[in-house]
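Participant: If you scroll down you'll find the structure; I have some questions about it.
Protein chains in written order, with the numbering used here: chain W, 1 to 188; chain S, 1001 to 1459; chain L, 2001 to 2061.
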């Protein structure tokens, strides 16, 4: 889920940038420091949208930089446990598929795709269900539930988000459409 | 004579009279004093033309008029002297401490300056004060330590010195300074200087009598003690001369001894017999010791008194100190009497008095050795030592040992104990002091390290 | 507080010139026109002219 948050942080402004307007420089520095950063409690910071307040301007001994404490608004992506997300498949591997959730990718393990035996079709780079014949390939849109979150602050790429589609109303969007049609027919 | 002439010539030349005229005048026997009194005619007699004589007179008188002019000016200004009211209002706004303002007020009211002079005096006072003041962030403690420590290396190690007062033994020099810093409960040589009320201070006999009253008198001071083994008695032979000098009678002694020992005491002339009643040899010897310890008269702890005449008044010096008791005697001037026992002062007169005593004792000790240390260094030490209401020592059991920081204490003495203790109790070090920050390698809160800079961009 | 405002202590002066010199050495824009290339000289000139955008924060502990 994306959230807009008001955050406070300290940034260092290098001496070379002291000539420009303080607010702009601070926003720039915040963007450089925080965008793409993953925080365990906050989530993944996508963008610094607006600097609200600036305080300080401390100069520390032995450093030419100036340190400001800035209050700012930021757009943050938070992978919430049990949250439902939609995304496209960006990569298919033997053990499952990676779903792009925005700033982060989630892993849809083979065992979590459907109530079926799923095997990897290496030639077409897709995952196929043995009985149902359902298939999953790169570019497919899916709806899934987040069931595991493990964020790594130091290496955002190493963060792991686990997904599942083995629940009602989850799966590839086409499957869901089919289901709905079938149900509508049965109701008739 | 010739020299005097030369001087006169020079003096005249300085006033703008040409050398030739000056010499002629001198040859005629004129001196500066004579010239000033002389008329033009007198000068002309020395063989000088009327015009140059007139010039000489003009030159000499010009200087005179100048002098009179300035004196007139001063007089005029005197009339324009400022009122005490104006002085008060000017003093009010000055950034000076109260004591200096008070001092200035008394002085200014005495000299009565003009307004311009007043302004100048005040400006110079403020400037002098600013110059003397220490800057914020200055490492005053270190400077004080060094300023007292360096002269300390030049002090004598010799403990005793028969200083000032003839026969009295006083600890001086480094040992005394250490004693002050360590806040010993009792100094190794306690002495008192008892100043007297005017009535006693002028009369030698009265001063002496008061001295005998204060001095501790024991049995041994007034006679000799012997043990009569045959009769199992203690026999005291009193000395009549000493008795009369100390203004005490044999009857009084007999009564006192009787009361103290609870035994039968018989007096025959000057012979005092104490009968212990029990027949034990050891008991008898013990009794001798007990009798020796009885204070017949005076203040316990004042072993000896010496009378000296200082600046026209008699002053009592004592070996031993008992401020509280001594102050209660009639004839003792309580506000001018002092002891070198700082803890006693703290107890009797309070912590502020103790602070002043530390300052004056330390200054006197240093000065006695010919060392001049700025009083402010010692004041700082005295303030640190007394700040918490009791006289603390500087070392491990005082100022240094009570610091809030664990690291600072550990750096001073008994490192392991402090660290272990802090670890067991889970103490936190806030790194607020100097030592701690040196240990962890951060900038310290002193000098440039205590300056916090803020960048204020101009928009 | 007011008493101290008019003047910097020698420590404050040293810190201000030092910090400003470091800033200039690290590329901060210079606020006066001078031919000097020495950052400390420039900082001192700026200090004399009173254009250094740095103030001292004095704590009243």
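Using N, Cα and C, we set each Cβ at its ideal position, and we do this for glycine too.
1) Quick check: is the beta carbon of residue 1135(S) nearer than 8 Å to any beta carbon in chain L?
2) Taking C-alpha atoms, which residue in 1245(S), 1226(S) and 1378(S) lies nearest to residue 1237(S)?
3) Against chain L, does residue 84(W) count as a neighbour if the rule is that its beta carbon must be under 8 Å from one of theirs?
4) Looking only at its own chain, which residues have a Cβ that is under 8 Å from the Cβ of residue 161(W), when we skip the five neighbours before and after it?
5) Are residue 1217(S) and residue 1168(S) touching if we call contact CB-CB under 8 Å?
6) Mind listing the chain S neighbours of residue 2043(L)? Cutoff is C-beta to C-beta under 7 Å, in chain order.
7) Whose CA, out of 1366(S), 1407(S), 1431(S) and 1409(S), lies closest to the CA of residue 1156(S)?
8) When you compare only the Cα positions, how much space is there between residue 2054(L) and residue 30(W)?
9) Need the endpoints of the alpha helix (DSSP H) that residue 32(W) sits in, please.
10) Any beta carbon of chain W sitting closer than 8 Å to that of residue 1192(S)?
11) Over what stretch of residues does the beta strand (DSSP E) that includes residue 1229(S) continue unbroken?
12) Note down, one range per segment and in chain order, each beta strand (DSSP E) of at least 3 residues found wholly within the segment 1078–1164 of chain S.
13) I'd like the list of long-range same chain contacts for residue 159(W), defined as Cβ closer than 7 Å, with 5 residues on each side in sequence excluded.
14) Over the uninterrupted alpha helix (DSSP H) stretch that includes residue 154(W), give me the two end residues.
15) I'd like the span of the beta strand (DSSP E) that includes residue 105(W), first residue to last.
16) Taking residue 87(W) as the reference, which of 16(W), 6(W) and 139(W) has the closest Cα?
17) When burial is assigned at 16 or more other CB atoms within 10 Å of the CB, is residue 1321(S) buried or exposed?
18) Under 7 Å Cβ-Cβ, which residues of chain L neighbour residue 96(W)?
19) Does residue 2052(L) get closer than 8 Å to chain W when you measure Cβ to Cβ?
20) List, in order along the chain, the chain L residues whose C-beta lies closer than 7 Å to that of residue 59(W)?
21) Report yes if the C-beta distance between residue 1336(S) and residue 1319(S) is below 8 Å; otherwise report no.
22) Inspect the CB distances between the segment 116–124 of chain W and the segment 52–64 of chain W and report whether three or more fall short of 8 Å.
23) In angstroms with no decimal places, state the Cα-to-Cα distance between residue 1282(S) and residue 1201(S).
24) Does residue 22(W) come within less than 8 Å of chain S when only Cβ atoms are used?
25) Which complete beta strand (DSSP E) runs does the segment 44–82 of chain W hold, if anything under 3 residues is left out?
26) Taking only beta-carbon atoms, is residue 1453(S) less than 8 Å away from chain A?
27) Return the chain-ordered list of same chain residues with a C-beta closer than 7 Å to the C-beta of residue 1091(S), the five sequence neighbours on each side being excluded.
28) Taking DSSP as the reference, what is the three-state secondary structure of residue 1266(S)?
29) Kindly say whether residue 1128(S), judged by its beta-carbon, lies nearer than 8 Å to any beta-carbon of chain L.
30) Taking CB distances under 8 Å as the criterion, tell me whether residue 1449(S) reaches chain W.
31) Can you tell me which of the three DSSP states residue 2034(L) falls into?
32) Could you give the distance in angstroms between the alpha-carbon of residue 1189(S) and the alpha-carbon of residue 1262(S)?
33) Quick one, are the C-beta atoms of residue 1377(S) and residue 1144(S) less than 8 Å apart?
34) Are the C-beta atoms of residue 1206(S) and some chain L residue less than 8 Å apart?
35) Where does residue 1448(S) fall in DSSP's three states?
36) Mapping DSSP to helix, strand and coil, what is residue 1335(S)?
Facilitator: In brief:
1) yes
2) 1226(S)
3) no
4) 79, 101, 104, 105, 106, 107, 146, 148, 149 and 150
5) no
6) Residues of chain S passing the Cβ test: none, with the nearest at roughly 13 Å.
7) Nearest C-alpha to residue 1156(S): 1366(S).
8) 22 Å
9) 22–34 is the span of the alpha helix (DSSP H), which, as asked, contains residue 32(W).
10) no
11) Per DSSP, residue 1229(S) belongs to no beta strand (DSSP E) and is neither H nor E.
12) none
13) 38, 104, 150, 151 and 152
14) Secondary structure note for residue 154(W): it is in no alpha helix (DSSP H), with a DSSP letter that is neither H nor E.
15) 105–109
16) 139(W)
17) By the 10 Å Cβ count, residue 1321(S) comes out buried.
18) Ordered by position in chain L, no residue passes the 7 Å Cβ test against residue 96(W), which lies about 49 Å from the chain.
19) no
20) 2019 and 2054
21) no
22) no
23) In a straight line, the C-alpha of residue 1282(S) is about 48 Å away from that of residue 1201(S).
24) yes
25) 66–77
26) No chain A is present in this structure, whose protein chains are W, S and L.
27) Closer than 7 Å at Cβ, skipping near neighbours: 1101, 1104 and 1105.
28) strand
29) no
30) Interface residue, yes.
31) coil
32) 35 Å
33) yes
34) no
35) helix
36) coil
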